[in-house]
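Engineer: Residue numbers (my numbering): 1 to 165.
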Ligand SMILES: CC(C)(COP(=O)(O)OP(=O)(O)OC[C@H]1O[C@@H](n2cnc3c(N)ncnc32)[C@H](O)[C@@H]1OP(=O)(O)O)[C@@H](O)C(=O)NCCC(=O)NCCS
């Protein structure tokens, strides 16, 4: 049974392993394994994860069954959009998907931003499973962009939003 709790620094190595494995399973078929390796070495380094953990006003959650970290979620308030929370990461290990862990992580995360009126995210257009998950949770497409993650990444994304009020 997995429980959702706030992450701590001692979880980060396991979170990194989860992210690397889940990224390869999700995106190798879309971007290729080399590109996934390159992205995940940067975005999911311990340094990057520590910075997320320390992010002021951020919420970094893990799903833990006492033995392993089965999923994680990270969200922040947007700097440049009023009353908007950004869902930056939501990942469940491939062996554990479709068992309600993503739903539990998201339910906790969306309750963490009382000042937000909308939650916003970016998702890869070919990631139909994630899009189905987000649609099932009330998100709708509002935009399309060409530099997901960091400016100049060249990674396309669908922008989705969900009202929180
Ligand atoms: C997307 C993801 C976070 C969903 O988490 P999960 O634990 O697998 O999903 P849940 O079991 O909580 O699913 C809840 C509901 O979402 C929908 N859903 C989830 N996965 C789905 C899929 N593959 N296809 C269609 N609908 C799906 C269903 O409505 C599901 O309810 P149901 O199982 O009763 O039908 C997870 O599959 C994942 O980590 N995928 C790989 C990484 C990824 O794409 N992350 C998002 C990046 S933007």
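Each residue gets a CB set at the ideal place from its N, CA and C atoms; glycine is no exception.
Note that the coordinates shown come from a computational prediction; the quantities given were computed from them, not determined experimentally.
Classify residue 140 as buried or exposed, calling it buried when 16 or more other Cβ atoms lie within 10 Å of its own Cβ.
Structural biologist: exposed
Engineer: Three or more beta-carbon pairs under 8 angstroms between the stretch 148–161 and the stretch 47–62, yes or no?
Structural biologist: no
Engineer: Hey, which unbroken runs of the alpha helix (DSSP H) at 4 residues or more fall wholly within the stretch 8–81?
Structural biologist: Counting whole runs of 4 or more residues, the stretch 8–81 contains the alpha helix (DSSP H) stretches 12–31, 33–43 and 46–54.
Engineer: To which residues of the same chain is residue 78 closer than 8 angstroms at the C-beta, ignoring the five residues directly before and after it?
Structural biologist: 84, 85, 86 and 120
Engineer: Beta-carbon within less than 6 angstroms of residue 12's beta-carbon, same chain only, minus the 5 sequence neighbours each way: which residues are those?
Structural biologist: 46 and 49
Engineer: Rounded to the nearest angstrom, what separates residue 96 and residue 109 at their Cα positions?
Structural biologist: 19 angstroms
Engineer: Which residues end up in the neighbourhood of ligand 1 when you take C-beta atoms closer than 6 angstroms to any of its heavy atoms?
Structural biologist: Shown in chain order are the residues whose CB sits closer than 6 angstroms to a heavy atom of ligand 1: 22, 26, 90, 91, 92, 97, 98, 99, 100, 101, 102, 103, 123, 127, 129, 130, 132, 133 and 136.
Engineer: What span of residues does the beta strand (DSSP E) with residue 157 cover, start to end?
Structural biologist: Note, residue 157: beta strand (DSSP E), 157–163.
Engineer: What does the alpha-carbon distance come out to for the pair residue 76 and residue 163?
Structural biologist: Answer to the nearest angstrom: the Cα atoms are 16 angstroms apart.
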